[in-house]
RNA sequence: GGGGGCGUGGCGGAACGGCAAACGCUAAAGGCUUAAAACCUUUUGUCCCCUCGGGGACUUGCAGGUUCGAAUCCUGCCGCCCCUACCA
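Numbering (this note's numbering), first residue to last: 13 to 841.
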């Protein structure tokens, strides 16, 4: 290890101590100042912070410190998403209680964040496993229960056999558990749900009103909500006046192309329709076959569609034609009505099924390119469609729906793909669901005065055999809050995504003990102005938090509609071709980087190596480069301390030509860095600009010897350049800049300085270089006065020695002059 | 299958439709050193010419188009990545 690096260990410890002692980042509501709420997604306390985690904190800290310097009152809090399975699994494997495991990790990770020098207001720290935290979501649970926004229902849920718990739809990826990767199996179970579907339309609409969010996250949310508009109507079962099947379609205009209909295999009407004994048997066999397929097989691409033809027929109400009825695995009970009209001509799935089963295909939309032997799903003129003939798709949809409505046969209908959020977890380390089951009163919510329903400490954790809480007699056996008789507690706990759905509100008044959050504090700080986190939460946490915020609003607790005004989704940190993670064994530890190079260097490298939204490849040589740069800054400032301290604090009003040029570089850098941070978060180019300034500073210094004729101009400019560099670099590398700033004799923190503003006078140019092209190729350059007359620039360009040979013996067709930039001479032979 | 994104030197990456390759890394040569490290200087897209000052041609996945001018806009291919998926 080199011993030539600047003394980062001492410096970092020193300034972290000062920030902590002076409570520099502690904030209070101050209506006189503009607020800025800067938030990074809080971590799960899983162990140790590595360089894969550092990126998000480096970005958050940069923005927070920048906003401080811009005069904002900045809320920048940190806490712990402390409930969850890894704590419980650690308990099962190593016999450590989840409380101990979790708090030990929190202590270690907190110390890491402090040694990283992130500007958190540590007085606002929260841990979601603390009863004083989850008490409030238990209260909200009860209020949601009262309003029907929380409910319990037996239903088929996603079951992870390895985690031994239910998963929400959002937590199943490719038929596998998002956490452990085990194959998810369906299971019928009594489970708790939050009625997120009641907010589907609002969640979707607001996607258009979040301009600070990345488009791809909004797209993912829109797709997840999956709105589709169409019509619902009944198909009468032929010869069975008592029975009809409700179907949903987005293409009511194609109804004359229906050649069969399909029910989901588990559709309840199947049992009523099928009465014949032999047919019942084949239905049972078919159902068994379908349910034997795993989730993964079911969703595999180009899997043949399986179906069984039933004896019954159904009647198309539009033309009174009876068509055959099937049950088939490509129709899902969970969407729409679990039954469809099949239109093979205009639906690819129906086409495939019809071909396999030899069913007729009718063309009801005139193909613009003729018959292609495939389903056609595009727009076109209706044919073979009775009263719809000749109409385009949109008009035909409307007319078909009107026809159904006017006869009382159906309705217009909007469906969403979004399902209610299953929040029951059959595990220990989570917030208990605050309800009881009383023999007399049935299901009863716990009384508010009895909250929190605390998680008992003494429990046997085996990872098997249902909810661990069920075996804790002292927890289960309780008193009914309604009748005072004996009652059993609910033993499921809440999904940990419930805690993370409102922690940003808790930070506004983290010690408030008479409610979830203090109204005025939340009104002042919320919404979050800049949220920063990984793309993996695009439809998980970010959708749940939006929903939960709207529920709190409708409960009258807050006035905000959306929790996060702007979102920055940072890319992953990659090493050896994979995301840096403990499980892959490719982590670079934060402790190691901090020991070898210092926290400032590690942060600088991660901010410099790639723009924040892109993935970042870890590179051992790259961090050497970042280290080299900071050492260069350090050595320069230390070597010039006396000269800078003795320098006038104002640059002389009249400067030599090199002095003017250098001063322009200083102020252009201010402009570039400010714009790069504000616009599009181009932190990498902001750092590049600062590096260029430092390069220019070194060139200026060596070209203008000390004690020369313009000694005071030189000193003043070096001073201005150094001070500017320290201010601009401060949010990226806070410790080294604080130290150098104080070595220059300043008493006040860098972060209490005003962010520099470019001096328009310094930016003034008197001359510009104009590129001269001939037929689009650069042939020469002109130095002309700023805003020189176009005619004059044209004459100079045509007369230029370098340009003339390219124009001679050719005819000048025209000359394009872009002021202060370029001349293009267009010629012809 | 659907949706979104991307494609620029040896590498990470820069470029409001206007000088492609900023900044950094790597590599090479030189300087300082007894020596190494560190540090400093120079060179570093490809090819060609050269009187050694420089000059020229080509170059942003491929093929077209729009434009005085395209890495950037449009069309069609090729390749890669992410999301999503019998959603009727």
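All residues carry an ideal CB built from backbone N, CA and C; glycine is no exception.
Residue 119, DSSP secondary structure in three states:
Counting from 1 along the first chain, the entry for residue 119 is found at position 107. Residue state, collapsed to three classes: helix.
Measure the Cβ-Cβ separation of residue 345 and residue 278 and say whether it is below 7 Å.
Here the question's residue 345 lines up with position 333 in the first chain. Here the question's residue 278 lines up with position 266 in the first chain. Residue 278 sits close to residue 345, with the two beta carbons spaced by under 7 Å.
Could you check the C-alpha separation between residue 729 and residue 799 for me, to the nearest Å?
Within the first chain, numbered from 1, the residue matching residue 729 stands at position 717. Within the first chain, numbered from 1, the residue matching residue 799 stands at position 787. When rounded, the separation of the alpha-carbon atoms in residue 729 and residue 799 is 28 Å.
Return the chain-ordered ranges of every beta strand (DSSP E) run that is complete within the region 471-554 and spans a minimum of 3 residues.
489-491, 498-501 and 542-546, all fully within the region 471-554.
Would you kindly work out how many angstroms separate the C-alpha atoms of residue 430 and residue 138, rounded to a whole number?
Here residue 430 refers to the residue found at position 418 when the first chain is read from its first residue. Here residue 138 refers to the residue found at position 126 when the first chain is read from its first residue. Here the C-alpha atom of residue 430 lies approximately 31 Å from the C-alpha atom of residue 138.
Drop a sphere of 10 angstroms on the beta-carbon of residue 14, count the other beta-carbons inside from all chains shown, and report buried for 16 or more, exposed for fewer.
Residue 14 sits at position 2 when you count from the first residue of the first chain. Note that residue 14 scores a pLDDT of 42, beneath 50, so its modelled location is shaky and nothing firm can be said.
If I follow the unbroken beta strand (DSSP E) through residue 197, where does it start and stop?
The residue you call residue 197 lines up with position 185 of the first chain. Annotation: the continuous beta strand (DSSP E) that includes residue 197 extends over 197-206.
One or two residues paired with residue 454 in a DSSP bridge
By 1-based counting over the first chain, the position of residue 454 is 442. Bridge partners of residue 454: 450.
Who are the Cβ neighbours of residue 132 in its own chain at under 8 Å, not counting the five residues just before and after it?
Within the first chain, numbered from 1, the residue matching residue 132 stands at position 120. The answer, listed in chain order, is 37, 88, 89, 90 and 125.
Indicate the three-state DSSP secondary structure (helix, strand or coil) for residue 686 in the structure shown.
Position 674 of the first chain, counting from 1, holds the residue named residue 686. Of the three classes helix, strand and coil, the one that applies to residue 686 here is helix, per DSSP.
According to DSSP, what are the bridge partners of residue 179?
Numbered from its first residue, the first chain carries residue 179 at position 167. Residue 179 pairs with 170.
Neighbourhood of residue 753 by C-beta distance below 6 Å, restricted to the same chain and skipping five residues each side:
What you label residue 753 is simply residue 741 of the first chain in a count that begins at 1. Here the set comprises 738 and 762.
Looking only at its own chain, which residues have a Cβ that is under 7 Å from the Cβ of residue 208, when we skip the five neighbours before and after it?
In the first chain, counting from the first residue as 1, residue 208 sits at position 196. Listed in chain order, the non-local C-beta contacts of residue 208 below 7 Å within the same chain comprise 430, 432, 433 and 559, local neighbours out to five positions each way being set aside.
Give the secondary structure of residue 85 by DSSP, where H, G and I count as helix, E and B as strand, and everything else as coil.
Counting from one through the first chain, the residue named residue 85 turns up at place 73. Reduced to three states, the DSSP call for residue 85 is strand.
Nearest by alpha-carbon distance to residue 621: which of 610, 633 and 93 is it?
The count along the first chain starts at 1 and reaches residue 621 at position 609. Nearest of 610, 633 and 93 to residue 621, Cα basis: 633.
Give the DSSP-derived three-state secondary structure of residue 352 in the structure shown.
Position 340 of the first chain, counted from the start, is the residue given in the question as residue 352. Three-state DSSP puts residue 352 in a strand.
Leaving aside the five residues before and after residue 2 along the sequence, list all residues of the same chain whose C-beta is less than 6 Å from its C-beta, in chain order.
Given a span of 13 to 841 for the chain in the structure shown, any question on residue 2 remains unanswerable.
Quick check: residue 440 and residue 484, are their CB atoms within less than 7 Å of each other?
The residue labelled residue 440 in the question sits at position 428 within the first chain. The residue labelled residue 484 in the question sits at position 472 within the first chain. The answer is no: Cβ separation not under 7 Å.
So, with DSSP's three-state summary, where would you put residue 818?
For the purposes of this step, residue 818 is identified with residue 806 of the first chain, where counting begins at 1. Correct three-state label for residue 818: helix.
In terms of DSSP beta bridges, what is residue 273 paired with?
To locate residue 273, count along the first chain from 1; it is residue 261. Residue pairing by DSSP puts residue 273 in a beta bridge opposite 337 and 353.
Whose CA, out of 30, 348, 102 and 378, lies closest to the CA of residue 238?
Position 226 of the first chain, counted from the first residue, corresponds to residue 238. Selected option, being the one with the closest Cα: 348.
C-alpha distance - residue 286 paired with residue 324, whole-angstrom precision:
Here residue 286 is taken as the residue at index 274 of the first chain, counted from 1. Here residue 324 is taken as the residue at index 312 of the first chain, counted from 1. Taking the straight line from one Cα to the other gives about 8 Å.
With which residues is residue 248 paired in a DSSP beta bridge?
The sequence position of residue 248 within the first chain is 236, counting from 1. Paired residues: 256 and 327.
Can you tell me which residues form a DSSP beta bridge with residue 797?
Locating residue 797 in the first chain gives position 785, where the first residue counts as 1. Per DSSP, 779.
Nearest residue (CA-CA) to residue 640, options 617, 652 and 653
Indexing the first chain from 1 puts residue 640 at position 628. Checking every option, the nearest Cα to that of residue 640 belongs to 617.
So, at 6 Å on beta carbons, what are the nonlocal neighbours of residue 795 in its own chain, with the 5 sequence-adjacent residues on each side left out?
For this step, residue 795 is matched to residue 783 along the first chain. The residues are 779 and 781.
Could you check what DSSP says for residue 427 in three-state terms: helix, strand or coil?
Start at 1 with the first residue of the first chain, and residue 427 comes out as number 415. Strand.
Which whole-angstrom value is the C-beta distance of residue 784 and residue 792, which I expect to be below 8 Å?
For the purposes of this step, residue 784 is taken as residue 772 along the first chain, with counting starting at 1. For the purposes of this step, residue 792 is taken as residue 780 along the first chain, with counting starting at 1. Taking C-beta atoms under 8 Å as the contact rule, residue 784 and residue 792 qualify, at a distance of about 4 Å.
With distances taken from CA atoms, which of 80, 536 and 623 is nearest residue 43?
One-based indexing of the first chain puts residue 43 at position 31. Distance from the Cα of residue 43 is smallest, within the candidate group 80, 536 and 623, for 536.
With which residues is residue 582 paired in a DSSP beta bridge?
As a first step, residue 582 must be located in the first chain, where it is residue number 570. Looking at the DSSP assignment, residue 582 forms a beta bridge with 546.
Are the CB atoms of residue 505 and residue 550 within a distance shorter than 7 Å?
Stepping through the first chain from its first residue, residue 550 is reached at position 538. Stepping through the first chain from its first residue, residue 505 is reached at position 493. Cβ distance not < 7 Å, so residue 550 and residue 505 don't count as in contact.
Looking at the structure shown, is residue 659 part of a helix, part of a strand, or coil, going by DSSP?
Here residue 659 corresponds to residue number 647 of the first chain, with the count starting at 1. Coil at residue 659, not helix or strand.
Please classify residue 211: is it buried, with 16 or more other beta-carbons within 10 angstroms of its beta-carbon, or exposed?
The sequence position of residue 211 within the first chain is 199, counting from 1. Buried.
Give the DSSP bridge partners of residue 243, in chain order.
Along the first chain, one-based indexing puts residue 243 at 231. BP columns for residue 243 point to 261 and 424.
Span of the alpha helix (DSSP H) around residue 214:
By one-based count along the first chain, residue 214 stands at place 202. Going by DSSP, residue 214 is part of the alpha helix (DSSP H) stretching over 212-218.
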